[in-house]
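In my numbering, the protein residues as written are 435 to 801.
What follows is a set of notes on a single structure, which appears directly below.
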């Protein structure tokens, strides 16, 4: 017996840019952001955290930042931040998932279930995005990579579920890996070779209550779809600990900085009409990545027309994106500009010409 259903869901076009929008929103509301700063260790005593030591990754210098309360929201690194020789109460189960970008095998989003799991096929930038594996990861979070075994596993699943796809290694345009910071089973149950059954829920760990260690809260687990709710709960707890009055939370009604628009379709039409000299497809592509900040990007392009052209023939990314990343979006490395701001490398290697021009533009901004 077989069955099928159709349902509608949302899709993040560029998760890296969404993450940056959260950072921009924090800055616009008074946060001081330290980019390229690695958290090394908590400072204080065995029973009182009073700050954190960081290293500036650009010059190697270390600094101590004092705080009445530290909120540890380090995702897959959260247990590394919270634990030391005297403490080890925070337990995470890291789950590795990979994504493959291949030639297009479906114009619609698909979810297929197999005896040994399931997978997704999503239409993305003229290609198919295949997801995902769900395996335990026990190594250093900084060392996570896609390996050949991961690729073979996911390709095998897709070809069993969609035999007509006939995908092979040569069809892969790009691949990447990520880690899910799942809350570990306190009983320490054996999960075998798959983390699919581990809860995707979140947990707020009050270290003062759990291990008599004041000044520290850890936010564990969670995911994009519940991140605002988790943040609201953490903020409420932080206010109580700091003795501040509880304020009505506005996150439910507050768009991210680039989200100030009545509707995306209408916004795209208005933007295309406002910039008739540019390809409508380019304007839509930029709107997907920048939202209402599109207008700031177009101001950069208008001031230097050479930046309004693609970084290389056939690419949707333009020079203004690299300029804007370096000047207004805290990017100090080419890697950040091409992977985490502009999306230039979202489909794999964009070609030497595009990278060389991006480096030239960025160098001109940063000196």
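Glycine included, every Cβ here is placed at the ideal spot set by N, Cα and C.
query                                                                                                                        : result
Residue 680 (DSSP reduced to helix, strand or coil)                                                                          : coil
CB contact flag (residue 584, residue 567, <8 Å)                                                                             : yes
Close Cβ partners of residue 781 (< 7 Å) along its chain, the five nearest in sequence each way excluded                     : 535, 559, 561, 607 and 608
CB contact flag (residue 586, residue 593, <8 Å)                                                                             : no
Completely contained beta strand (DSSP E) runs for the region 506-583, where each covers 3 or more residues                  : 526-536, 544-548, 551-558 and 561-565
Alpha helix (DSSP H) segments (min. 4 residues) lying fully within the region 770-795                                        : none
Closest by C-alpha distance to residue 616, when choosing among 683, 513, 695 and 715                                        : 513
Burial state of residue 444 (16 or more Cβ within 10 Å)                                                                      : exposed
Simplified DSSP state of residue 472, which is helix, strand or coil                                                         : strand
For residue 798, the nearest candidate out of 784, 767, 775 and 779 (CA to CA)                                               : 767
Residues of its chain near residue 635, where Cβ-Cβ distance is below 7 Å and the 5 sequence neighbours each way are ignored : 617 and 655
Residue-level contact to chain B via CB, residue 601, 8 Å cutoff                                                             : Of the protein chains in this structure there is only one, and it is not chain B.
C-beta contact flag for residue 473 and residue 488 at 8 Å                                                                   : yes
Check whether residue 785 and residue 746 have beta carbons under 8 Å apart                                                  : yes
Under 8 Å between C-beta atoms of residue 692 and residue 455                                                                : yes
Counterpart residues of residue 648 in DSSP-defined beta bridges                                                             : 482
C-alpha gap between residue 716 and residue 685, whole angstroms                                                             : 31 Å
Residue 670 (DSSP reduced to helix, strand or coil)                                                                          : helix
Cα-Cα separation between residue 570 and residue 529, rounded to whole angstroms                                             : 5 Å
Within 8 Å, strictly: CB atoms of residue 595 and residue 546                                                                : yes
Which of helix, strand or coil DSSP assigns to residue 660                                                                   : helix
Buried versus exposed, by CB contacts within 10 Å (16 or more), residue 751                                                  : buried
Contact under 8 Å by Cβ, residue 589 with residue 539                                                                        : no
Pair within 8 Å by beta-carbon distance, residue 653 and residue 505                                                         : yes
Start-to-end residues for the beta strand (DSSP E) that takes in residue 763                                                 : Neither: residue 763 is in no beta strand (DSSP E) and is coded neither H nor E.
Span separating the alpha-carbon of residue 451 from that of residue 479                                                     : 38 Å
For residue 717, the first and last residue of its enclosing alpha helix (DSSP H)                                            : 714-724
Near the ligand FAD: residue 731 beta-carbon under 7 Å from a heavy atom                                                     : The ligand content of the structure shown is nil, which means the ligand FAD is not present either.
Alpha-carbon to alpha-carbon, residue 741 and residue 381                                                                    : Because the chain spans 435 through 801 in this model, residue 381 falls outside it and cannot be assessed.
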